[in-house]
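J.: Below you will find the structure I want to go over with you.
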Amino acid sequence: MQCLCKGGLHYDAPSKGDYGICRMGLMVPESIELFVGPSACGRHGALGAIKNGYKDRIFYLYLSQSDIVSGYDDLIGDAVAEVLATLEKKPKVIVMIFTCLDDLIGTDHEALKEALSDRFPGIVFQSSHMNPIKTDTSEPPAQAIQRDIYRTIATDFENRGINPADIEKDAYVNILGAYEPLPESCELNRIAPLKHVTGYSSFSDFTAMASSRLNLILTPLGRLAAKDMEKNFHIPYLEVPVSFDPDEISESYKAIAQALGLETVPDLEADRKAAEIAVERARALVGDLPVIVDSSATYHPFGMAKALLSFGFNVIRVEAEAVIKSDEDHMEWIRAHHPEVEFYRPDSCEAVLFDHRLTESLSIGIQAAYMAKSRYIADMFADLQMFGYDGIVSLMRRITEAYQNPRDLKQLINEYGLVI
Amino acid sequence: MAQLCLYLPPFSPDYSGAGAMLFDLDALTVMHDAGGCTGNYTGHDEPRWYDSKATVFCSGLRMIDAIMGNDQKLKDNVYAAIKTLNPEFVALVGSPVPMVIGMDLKGLAHEIESETGIPAIGIETTGTDYYDAGAFKAAKALLDKFCPSEKQADRTAAVSLNSQMTKPDTENLTAKSTAVSPEIQTTPQAATYNSELSDTLLYNILGATPLDYERPEDLDHLQDVLNRSGFSLIARPGYGYNLSQLRNMGQAHVNIAVSHAGFLTAKYMEKKYGIPYLCGVPLGEKNLTLYAERLKEVALSKKSEMFFSEPFSGNGEKKNALIIGDQIISESLKHYFRDHFNVTVGCIFTPDRDISSSSVLNLKNEKEIKKALCDERYSVLIADPLFEKLLPKNHKKLFLPLPQYAVSGDIYHKDAKPFLGKYFDDMLRNSPLSDIAGSNYLSSIASGF
C-alpha cells in the first residue's frame, strides 16, 4: 500500500486534468479573458478552448523575457483596447489570467485594475491566476478562480455604489464548487430553489447570486468563494460534501434544514428507498467484478469507496493524488475494516511502470481506468451533477451503463476536454 | 516585445521541443515546473504520450521552494525516482519560473551526476522560445554529454572516472552506464575519415520530432529510400532512437536536416565533428533519387548544402504563394513549387539568418501573420488549417492545409497525412489542388486555375 502523502516527482497520465482555470473563469456571464504570460503557459488553455468552442472569448498577451524583466502592467491597457476593438459586443467583465511567474514578480493588481477601470468605464476587471505554483498554499488556483467568479459581483457593486448590506435576501440557495448545476431530479431542488453560475446568460442577472440566503459548498473548490461571499454579501455557508453514504446524506440534509431555519427535516424516505433499489440492481449486475475508485471521479474517493464497500461492491483499490481532510476518516475506516483494499497514487513516478493493470475491472474515474486498462469505465468526473440520494441513483446508473456498454477510454478523455 | 494574440493558440514552446527530443530515450526527464508546463507537453505537444512508458515527470515546483531556492527538494525527488526507475540518465528541463528565479539547471544536473554517478544534463528552456530552439538545446546537450568529439572523449572519460572515485553516499543508485561509451573512446570517426569512404555511407536524420512530422511514415519512408540507395542510418534523434545510437552519431559521414531544429543541430555537428549536412527534405517521388544523389555528393565532397538552393526561374507570370510553417520544410516546399509559383516563406518560429533564401517574411506575431495571409498578392496558401481562420470567411484563395502539431496540436490529428517523398504526390492529388490534378497537374497549376 502506497503512502498517499504528497511528494516526489509527478506523473501526468493522459487521463489527468480538469476544466482548467480559463474555462472556469469564463463561467462569468458576458465575460472575456485576457491571458497574460509567456506564450508557453497559454497553449493548453487555448487548444482546450478551440476544442470546446470558447476560443472566441479568450485572448492572449504573450510576454517576452524583456517584458518580464521590465514589468508588463503598462502593456495591458493597450492590449485591452485592441481586444475590445475586435469585439462586436462589449463585455461586461474582463478576467485577466496571470501565470506562476506573476506571483514572483509582485504586480500591483489593485492599481492595475483601478487604472483599467478608469480607462474602460463600465467594465468590471478581475485579476486571477493560473498558478499551480501555489497549489499547496491557502489559495490553490482552482479554489481561487471560483472565488474570483463571485468577486466580479463585489467589484460591480463597488463600481455602482451598491452597498451589499442593503440587498434583500431571497429564498434561493447558491451551489458553489460544482462545475455544473444539479439535475432537476435531485431532491435538494424540493427543499430550496437553487442558483448556479451557469444558469445565467447576463452578468446583470448573475449578480442576483449575491442575494441568496445560503451558500452550499459541494466540493472543496467552493471554500474560498463561500468565505469571500460571506464577507462581501453576508451570505452564510455550509459545506455539505458530495457523499454516496445514505447516512451521511441524511446528516447533510439535517444540517441544510437547520441552516435554512426549517422546523422539520424534509421527508426524503422515498428518495432514500429509490437509491437503495438502484444499489441492489447495480450490485446484482456487476457481482464480484473488481471495482476501482479514483479521485478524478469524486473529490472524496475514499468516501465513495467506503459507501460502495458497505453496499457490497468488490472495491479493490482507491486511487488518489492526495487525501483531503474531509476524506481522511473514510480512508481510516477502509484501513480498519477492509485492509485488503489497496491505496495507490496515479501521479507517483512508479505509475509509469504500469504494474497495476487489471483489465477485468470496473473503474469509476478515468485515471483509474487508464492505469488499470479497465474494460468497464463509469463515466463520472469531479462529482458533476451529483448530490444526495439522487447522486447514489446517478452513480448506480453510470456503473450499470459502464458494465452494459463499455466505452473507449481515449475517446472519453477527449470528450471531457481536460487541461492540466 | 509582448504580442497580442486574438485567434491563434500559442505555438509549441521550447520545453516541448526538448521533451520530444528526449522522449525515446531511457531518461528520467524532469520538467522543472509547477504542473502546467508538463501538461502542455504531455497533453498537447506529444502525440506519442498515450499508452507510452516514457519517464517524463513534473517536478511539482512550489512557491516556497522557488522563493527559498530549495533545490534540495528537487534533487531528493530525482534520487528517489532514480531508485525506482533506474534510468540511463537524468534530464532537467527548464520552464518560465526557473528562468525568472535564475536557476542553474546545468549546475544542478552536474551536482546530481556527481552525487549519483548517473549522467545528467540540464536544458535551460524558458517557455518564451519556440519548440525548434528547445529541440536543438536538447540535442546539443545530449551530444555534448554522450557523443563527445575526440579530444572531449578523453577528458570526459577522466572526469567520469574521478566522479566514480569520489562517489558519495548513494550506493543504492546504480548507474546503468558511464558517461562515455567504449566506442567513442576508440574514436572510430577518426578512422573513418582517414580512409576511403566505404560503400555504405552512414548518416543521421536530424530534427525529426512529431512537432513537425506527426506521422512516422515520413521518416520511415525517407530512411527506406536512403537505405536502398547505399546509406545506413545511425540515428534519428527525436523519433525512434536510443542512447546507444546517440553515442554513435559522431561517426556519420553525412547528416540530413529535416527541420529548423535539425538545421541548428547539423551546423553544430559540422562544427564539432566535421560532419557535412544536406538541409531540406525531398517532396514528390521524382525528388527522391535526386535527394539521394545530392546526399552522396555532400558526403563525398564534405561540403554542406541546402537541398533547396537551386536558383529559381524568374517568371513574373506565375501565381504568388505563401507557405507558413517550419522554415526548412517550407523552403523545401518552395523548391518543389519553384517552376509553378512565386513562393514566399512565412517564418513563424525562430528566425534564422543562416538559411539563405529569397522571399522570407519574418512573421513575428498574429497581426503580421494575418496581414500576410490576407495579402491579395498571395492566391495560394500552404499552412496549418488553423491559419485559415484568419482569412475572411468568403476568401477566394486556394488553401492547402498542412497540419502541424506545433501549431494546432491534435485538433487536426485525423487529417494529418505523411507528406515526404512519394506521399506528397498523394497529398496533392487529394488536396484543394485536386481540381487541376492529373497526369501533369503541376503544369496545370502553372497555367492557372
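For the record, the sequence lines run as chains A and B.
To convert, count from 1 in the first sequence and add 856; that's the numbering used here.
To convert, count from 1 in the second sequence and add 1; that's the numbering used here.
Note that the Cβ used here is the ideal one computed from N, Cα and C, for glycine as well.
Nearest chain A C-beta to Y16 (chain B) closer than 8 Å, yes or no?
T.: As a position in the second sequence, residue 16 (chain B) is number 15, starting the count at 1. Yes, because at least one Cβ of chain A sits closer than 8 Å to the Cβ of Y16 (chain B).
J.: I'd like to know whether the C-beta atoms of C348 (chain B) and L362 (chain B) end up nearer to each other than 8 Å.
T.: For the purposes of this step, residue 348 (chain B) is taken as the residue at position 347 of the second sequence. For the purposes of this step, residue 362 (chain B) is taken as the residue at position 361 of the second sequence. Result yes, Cβ atoms of C348 (chain B) and L362 (chain B) sit closer than 8 Å.
J.: Cβ of K945 (chain A) less than 8 Å from any chain B Cβ?
T.: Here residue 945 (chain A) is taken as the residue at index 89 of the first sequence, counted from 1. Closer than 8 Å: no.
J.: For Q999 (chain A) versus P1076 (chain A), is the C-beta spacing smaller than 8 Å?
T.: Position 143 of the first sequence, counting from 1, holds the residue named residue 999 (chain A). Position 220 of the first sequence, counting from 1, holds the residue named residue 1076 (chain A). Cβ distance < 8 Å, so Q999 (chain A) and P1076 (chain A) count as in contact.
J.: Spell out whether any CB of chain A is found under 8 Å from the CB atom of M64 (chain B).
T.: Counting from one through the second sequence, the residue named residue 64 (chain B) turns up at place 63. It does: the Cβ of M64 (chain B) has a partner Cβ on chain A nearer than 8 Å.
J.: State whether the region 9 to 19 of chain B contacts the region 108 to 128 of chain B, with contact taken as three or more CB pairs (one from each stretch) at a distance under 8 Å.
T.: A contact exists between the region 9 to 19 of chain B and the region 108 to 128 of chain B.
J.: Are the C-beta atoms of F1167 (chain A) and some chain B residue less than 8 Å apart?
T.: Your numbering for residue 1167 (chain A) matches position 311 in the first sequence. No, F1167 (chain A) does not count as interfacial toward chain B.
J.: Can you tell me which of B:A209, B:H396, B:R354, B:D353 puts its alpha carbon nearest to the alpha carbon of K371 (chain B)?
T.: Position 370 of the second sequence, counted from the first residue, corresponds to residue 371 (chain B). Nearest C-alpha to K371 (chain B): B:H396.
J.: Could you pull out every unbroken beta strand (DSSP E) segment of at least 3 residues lying fully inside the region 1132 to 1192 of chain A, listed in chain order?
T.: 1147 to 1150, 1171 to 1175
J.: Do you know offhand how far G103 (chain B)'s Cα is from G863 (chain A)'s?
T.: Locating residue 103 (chain B) in the second sequence gives position 102, where the first residue counts as 1. Locating residue 863 (chain A) in the first sequence gives position 7, where the first residue counts as 1. Computed Cα separation, rounded: 24 Å.
J.: Could you please tell me which residues of the region 912 to 943 of chain A, in chain order, have their CB closer than 8 Å to any CB of chain B?
T.: F915, Y916, L917, Y918, L919, S920, Q921, S922, D923, I924, Y928, L931, A935, E938, V939, T942
J.: Expressed to the nearest angstrom, what Euclidean distance is found between the alpha-carbon atoms of V1208 (chain A) and L1240 (chain A)?
T.: Residue numbering aside, residue 1208 (chain A) sits at position 352 when the first sequence is read from its first letter. Residue numbering aside, residue 1240 (chain A) sits at position 384 when the first sequence is read from its first letter. Distance between the alpha carbons of V1208 (chain A) and L1240 (chain A) is about 28 Å.
J.: E215 (chain B) and G281 (chain B) - do their beta-carbons sit closer together than 8 Å?
T.: Here residue 281 (chain B) is taken as the residue at index 280 of the second sequence, counted from 1. Here residue 215 (chain B) is taken as the residue at index 214 of the second sequence, counted from 1. Not a contact, by the Cβ cut-off of 8 Å.
J.: With the cut-off set at 8 Å, would you say L7 (chain B) and T942 (chain A) are in Cβ contact?
T.: Counting from one through the second sequence, the residue named residue 7 (chain B) turns up at place 6. Counting from one through the first sequence, the residue named residue 942 (chain A) turns up at place 86. It is a contact, given that the beta carbons lie within the stated cut-off.
J.: How do the region 978 to 987 of chain A and the region 912 to 920 of chain A stand: do at least 3 beta-carbon pairs fall below 8 Å, yes or no?
T.: no
J.: Evaluate P238 (chain B) with the Cβ neighbour count: other Cβ atoms within 10 Å of its Cβ, from every protein chain shown; 16 or more gives buried, anything less gives exposed.
T.: Against the second sequence, residue 238 (chain B) aligns to sequence position 237. The residue is buried, with at least 16 neighbouring Cβ atoms inside 10 Å.
J.: Taking 8 Å as the cut-off, decide whether the C-beta atoms of Y1093 (chain A) and E1086 (chain A) are in contact.
T.: By 1-based counting over the first sequence, the position of residue 1093 (chain A) is 237. By 1-based counting over the first sequence, the position of residue 1086 (chain A) is 230. A contact, by the Cβ cut-off of 8 Å.
J.: On the DSSP bridge list, what partners appear for M69 (chain B)?
T.: The residue you call residue 69 (chain B) lines up with position 68 of the second sequence. Looking at the DSSP assignment, M69 (chain B) forms no beta bridge with any residue, so it has no partner.
J.: I'd like the span of the beta strand (DSSP E) that includes K320 (chain B), first residue to last.
T.: Counted from its first residue, the second sequence places residue 320 (chain B) at position 319. Note, K320 (chain B): beta strand (DSSP E), 320 to 326.
J.: Do you know offhand how far L391 (chain B)'s Cα is from K335 (chain B)'s?
T.: On the second sequence, residue 391 (chain B) is found 390 positions in, with the first residue counted as 1. On the second sequence, residue 335 (chain B) is found 334 positions in, with the first residue counted as 1. Rounded to the nearest angstrom, the two C-alpha atoms are 22 Å apart.
J.: Mind reading off the beta-carbon distance from E367 (chain B) to L9 (chain B)? Whole number of angstroms is fine, and I expect it under 8 Å.
T.: For the purposes of this step, residue 367 (chain B) is identified with residue 366 of the second sequence, where counting begins at 1. For the purposes of this step, residue 9 (chain B) is identified with residue 8 of the second sequence, where counting begins at 1. Confirmed, Cβ separation roughly 5 Å.
J.: Counting C-beta neighbours from all protein chains within 10 Å, is the total for H1090 (chain A) 16 or more, i.e. buried, or is it exposed?
T.: The residue you call residue 1090 (chain A) lines up with position 234 of the first sequence. Its Cβ having fewer than 16 others within 10 Å, H1090 (chain A) is exposed.
J.: Spell out whether any CB of chain B is found under 8 Å from the CB atom of Y867 (chain A).
T.: Walking along the first sequence from the start, residue 867 (chain A) turns up at place 11. Chain B contact via Cβ: present.
J.: Ignoring anything shorter than 3 residues, give me the beta strand (DSSP E) runs that lie fully in the region 38 to 107 of chain B, in order along the chain.
T.: 57 to 59, 90 to 94
J.: With DSSP as the reference, label E1198 (chain A) as helix, strand or coil.
T.: For the purposes of this step, residue 1198 (chain A) is identified with residue 342 of the first sequence, where counting begins at 1. The answer is strand: DSSP assigns E1198 (chain A) an E or B state.
J.: What's the C-alpha gap between Y406 (chain B) and H45 (chain B)?
T.: To locate residue 406 (chain B), count along the second sequence from 1; it is residue 405. To locate residue 45 (chain B), count along the second sequence from 1; it is residue 44. Using only the alpha carbons, I get a separation of about 9 Å.
J.: Starting from I906 (chain A), find everything on chain B with Cβ-Cβ shorter than 7 Å and list it in chain order.
T.: Sequence index remark: in the first sequence, residue 906 (chain A) carries index 50 (1-based). Going along chain B in sequence order, the residues near I906 (chain A) (Cβ under 7 Å) are P10, I412.
J.: Are the C-beta of F1210 (chain A) and some C-beta of chain B separated by less than 8 Å?
T.: In the first sequence, residue 1210 (chain A) corresponds to position 354, counting from 1. Taking Cβ atoms only, chain B reaches closer than 8 Å to F1210 (chain A), which makes this a yes.
J.: Are the Cβ atoms of P988 (chain A) and A35 (chain B) separated by less than 8 Å?
T.: What you label residue 988 (chain A) is simply residue 132 of the first sequence in a count that begins at 1. What you label residue 35 (chain B) is simply residue 34 of the second sequence in a count that begins at 1. Their beta carbons are under 8 Å apart, which means P988 (chain A) touches A35 (chain B) by this criterion.
J.: Quick one: using the 10 Å Cβ neighbour count with 16 as the cut-off for buried, is T1120 (chain A) buried or exposed?
T.: For this step, residue 1120 (chain A) is matched to residue 264 along the first sequence. With fewer than 16 Cβ atoms within 10 Å of its Cβ, T1120 (chain A) is classed as exposed.
J.: Which residues of chain A have a Cβ atom closer than 7 Å to the Cβ of F58 (chain B), listed in chain order?
T.: Position 57 of the second sequence, counting from 1, holds the residue named residue 58 (chain B). Per Cβ cutoff of 7 Å: L865, H866, Y867, C1205.
J.: Below 8 Å on the Cβ atoms is my guess for H33 (chain B) versus L86 (chain B); work out the distance and round it to an integer in Å.
T.: For the purposes of this step, residue 33 (chain B) is taken as residue 32 along the second sequence, with counting starting at 1. For the purposes of this step, residue 86 (chain B) is taken as residue 85 along the second sequence, with counting starting at 1. With a Cβ gap of about 18 Å, H33 (chain B) and L86 (chain B) do not count as contacting.
J.: Along the chain, where does the alpha helix (DSSP H) that runs through G1 (chain B) open and close?
T.: Residue 1 (chain B) lies beyond the range of chain B shown here (2 to 450); nothing can be said about it.
J.: Along the alpha helix (DSSP H) that carries Y269 (chain B), what are the first and last residues, could you check?
T.: Taking the first residue of the second sequence as 1, we reach residue 269 (chain B) at position 268. Per DSSP, Y269 (chain B) belongs to the alpha helix (DSSP H) from 261 to 274.
J.: Can you find a CB in chain A that lies within less than 8 Å of the CB of N41 (chain B)?
T.: Residue 41 (chain B) sits at position 40 when you count from the first residue of the second sequence. Yes, N41 (chain B) lies at the interface with chain A (some Cβ there is under 8 Å from its Cβ).
J.: Quick check: what's the CA-CA separation for G241 (chain B) versus T1154 (chain A)?
T.: Translated into the one-based positions of the second sequence, residue 241 (chain B) becomes position 240. Translated into the one-based positions of the first sequence, residue 1154 (chain A) becomes position 298. Going by the C-alpha atoms only, they are around 38 Å apart.
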